[in-house]
Amino acid sequence: MSGWFPRALATGSLASMLSALVMAMRGASDDKSIAGPLNGPSQWIWGRRAARTRRASVRHTVLGYAIHHASATFWALIYETFAATPSKPKRLRHAMSDAVALTTAAFVVDYGLTPKRLQPGFENHLQPASIAAVYASFAAGLVLATWMRGGISDVRRCRSRTRYTGVAARLRRTSRGGRKRDP
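Residue numbers (this note's numbering): 6 to 188.
Structure, rendered in structure tokens:
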């Protein structure tokens with residue numbers, strides 16, 4: 006993918022999906038509601054009461070995820086503009102420190118500088134440790150996206166050299182038309 010904008014869309018999408026997954030999982034354990042934390046950002050449109058809604062709905066859950074996704078893409082634009090350099094891959098520790106720094110800035114902006122109504126809203130359903138896990142998964146999504154596009158120099162993609170065993174070996178032999186030895 007060339008250009009910082011398409012990279013930011015892909016990075017933001019991955020970070021958004023990963024953090025939303027963690028948000029839903031932690032919501033299920035903290036609040037017994039998978040949708041509750043995802044409903045939080047819908048308070049931007051529907052007011053503070055919307056952030057406390059626990060049931061899944063188009064009005065709250067889909068809108069809440071869309072706002073979360075847009076916010077993640079915004080932070081990914083900043084990450085891709087300043088931290089990621091596609092022409093020169095970076096070391097894993099540098100990618101991680103950039104992602105953690107950006108995620109920390111996002112947390113400070115979200116909870117320190119933003120009015121209550123424009124905050125993420127999932128704090129109504131999650132414990133502080135779960136909120137930290139959501140932000141950590143967002144940072145992990147940024148690093149994972151950087152790695153997937155080859156932007157990290159000291160981590161190589163795994164190439165499977167395992168031999169086929171069990172059912173996979175039998176399927177492979179029969180697809181070749183007989184019992185040949187595996188390579």
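Ideal placement from N, C-alpha and C gives every residue a C-beta, glycine not left out.
Cut-off 7 Å between Cβ atoms - residues of its own chain near residue i, not counting five sequence neighbours on either side
i, result
"Asn129", "Gly45, Ala56 and Arg57"
"Ala61", "Ala40"
"Trp105", "In the sequence on display, residue 105 carries Val and not Trp. Ala144, listed in sequence order."
"Gln48", "Ala55, Ala56, Arg122 and Gly126"
"Gly146", "Leu19, Ala20, Leu23 and Ser24"
"Phe10", "none"
"Asp35", "His130, Leu131, Gln132 and Ser135"
Residue i in three-state terms, based on DSSP
i, result
"Lys121", "helix"
"Ile39", "coil"
Cβ-heavy atom distance, residue i to the ligand SAM, below 8 Å
i, result
"His99", "With respect to the ligand SAM, the structure offers nothing, as it holds no ligand at all."
Whole-Å CB distance - residue i paired with residue j, under 8 Å assumed
i, j, result
"Gly156", "Lys95", "7 Å"
"Ala15", "Ala150", "6 Å"
"Leu97", "Thr66", "About 35 Å separates the two Cβ atoms, so there is no contact after all."
"Arg31", "Leu131", "6 Å"
Same chain only: Cβ atoms within 6 Å of residue i, ignoring 5 sequence neighbours per side
i, result
"Leu27", "The sequence shown places Val at residue 27, rather than the Leu named in the question. The residues are Ala138, Val139 and Ser142."
"Asp159", "Arg96 and Leu97"
Minimum Cβ-Cβ distance from residue i to chain B less than 9 Å
i, result
"Ala29", "Protein chains in the displayed structure number just one, and chain B is not present."
Cβ shell of residue i (< 8 Å), same chain only, five flanking positions each side left out
i, result
"Ala13", "Thr78, Ala81, Leu82, Tyr84, Glu85 and Thr86"
"Asp115", "Gln124 and Pro125"
* **Stretch pair the region 95-115 + the region 132-144: three plus CB contacts closer than 8 Å** => yes
* To do: Jot down the residue ranges of each uninterrupted beta strand (DSSP E) in the region 85-109, minimum 3 residues, whole runs only, in chain order.
  => none
* Unbroken alpha helix (DSSP H) runs of length 4 or more, entirely within the region 20-84: which are they? -> Taking only runs of at least 4 residues, the alpha helix (DSSP H) segments lying wholly in the region 20-84 are 40-44, 48-51 and 68-83.
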